[in-house]
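Chemist: So that we are looking at the same thing, I have put the structure below in structure tokens.
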Amino acid sequence: MRATGIVRRIDDLGRVVVPKEIRRILKIREGDPLEIYTDKEGEIILKKYSPIGELTNFAREYAEAIAGVSGYKVIITDRDQIIAVSGGVKRDYQGRGITKELEDVMVERDIIFNDSGRKGIKVTDESGYEGLSQIICPIVCDGDIIGSVIIMGKDSSIPLGDADVRLASVAAAFLGKQMESQ
Numbered sequence: 000m001r002a003t004g005i006v007r008r009i010d011d012l013g014r015v016v017v018p019k020e021i022r023r024i025l026k027i028r029e030g031d032p033l034e035i036y037t038d039k040e041g042e043i044i045l046k047k048y049s050p051i052g053e054l055t056n057f058a059r060e061y062a063e064a065i066a067g068v069s070g071y072k073v074i075i076t077d078r079d080q081i082i083a084v085s086g087g088v089k090r091d092y093q094g095r096g097i098t099k100e101l102e103d104v105m106v107e108r109d110i111i112f113n114d115s116g117r118k119g120i121k122v123t124d125e126s127g128y129e130g131l132s133q134i135i136c137p138i139v140c141d142g143d144i145i146g147s148v149i150i151m152g153k154d155s156s157i158p159l160g161d162a163d164v165r166l167a168s169v170a171a172a173f174l175g176k177q178m179e180s181q
């Protein structure tokens with residue numbers, strides 16, 4: 000655990016303010032849920048809660064099924080990082096944080112379809128697959144954006160089409176419904 004040197008007092012309603020600097024570093028936005036833990040030493044631990052993180056194993060299996068049937072690269076994210084990857088790009092993406100550009104695309108709630116050859120949306124700062132065809136579909140649960148489904152072609156010679164856009168849309172809708180039923 001890292002010391003910050005910041006001290007806050009609890010108010011009369013039992014609230015404590017998480018400093019802006021810490022919220023910025025951890026990408027905690029207004030309205031984001033936090034999990035509260037305690038340990039044996041009496042420490043209180045706040046952890047950013049990822050609703051779709053509860054479905055990590057399910058999302059991984061789902062991504063593998065889509066990749067197996069379609070032959071494409073499939074990435075599933077929450078609002079901060081990649082939680083499931085399939086189609087031969089695991090070491091390049093698994094567990095990495097997403098870019099501000101991808102986060103902005105999710106917030107817009109639009110499906111993004113970049114044909115092969117166009118500049119794609121950079122998924123992570125370290126990724127290098129921006130020249131490939133790409134579909135990005137936000138995952139919505141109870142009206143909130145909780146992540147995205149990304150489908151990418153294997154190489155620039157295989158363009159994605161309308162059926163692939165529908166595949167990404169169905170995957171995102173299905174994951175959103177799974178979260179609503181949790």
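Sequential numbering from 0 applies to the sequence shown in numbering that gives the first Met the number 0.
All C-beta atoms, glycine included, are put in the ideal place defined by N, C-alpha and C.
The structure displayed is predicted, hence computed values, not measured ones.
1) Decide if G87 is buried, meaning its Cβ has at least 16 other Cβ atoms within 10 Å, or exposed.
2) Rounded to whole angstroms, what's the CA-CA distance from S147 to D124? Just pull it up for me.
3) In this structure, does DSSP put Q177 in helix, strand or coil?
4) According to the neighbour-count rule (16 or more other Cβ atoms, all chains shown, within 10 Å of its Cβ), is T253 buried or exposed?
5) Could you tell me whether the segment 166 to 178 touches the segment 134 to 152, where touching means 3 or more Cβ pairs closer than 8 Å?
6) Between the alpha carbons of L25 and Q133, how many angstroms are there, rounded?
7) From E100 to I120, what distance separates their C-alpha atoms?
8) Mind listing, in chain order, the continuous alpha helix (DSSP H) runs of no fewer than 4 residues lying wholly within the segment 31 to 81?
9) Quick check on DSSP: helix, strand or coil for D124?
10) With a Cβ-Cβ cutoff of 8 Å, do I9 and V17 count as a contact?
11) Step through the CB atoms of chain B and report whether any lies within less than 8 Å of the CB of D109.
12) Determine the direct distance from the alpha carbon of Y71 to that of I81, and round the result to whole angstroms.
13) Under DSSP, the beta strand (DSSP E) around D103 begins and ends at which residues?
14) Please classify V246: does DSSP put it in a helix, a strand, or coil?
15) Where T3 and I111 are concerned, what is the direct C-alpha to C-alpha distance, given to the nearest angstrom?
16) Under 8 Å, do I170 and I65 count as touching if we go by C-beta distance?
Modeler: So, to answer that:
1) exposed
2) 17 Å
3) helix
4) This structure does not reach residue 253, given that the chain is present from 0 up to 181, and the question cannot be answered.
5) yes
6) 28 Å
7) 7 Å
8) 55 to 69
9) coil
10) no
11) The question asks about chain B, but that chain is absent: this structure has only one protein chain.
12) 17 Å
13) D103 -> not in any beta strand (DSSP E); alpha helix (DSSP H) instead, spanning 99 to 107.
14) An answer regarding residue 246 cannot be provided, because it is not within the stretch 0 to 181 covered by the chain.
15) 40 Å
16) The sequence as given places Ala at residue 170; Ile does not occur at that position. Going by C-beta atoms, A170 is nearer than 8 Å to I65.
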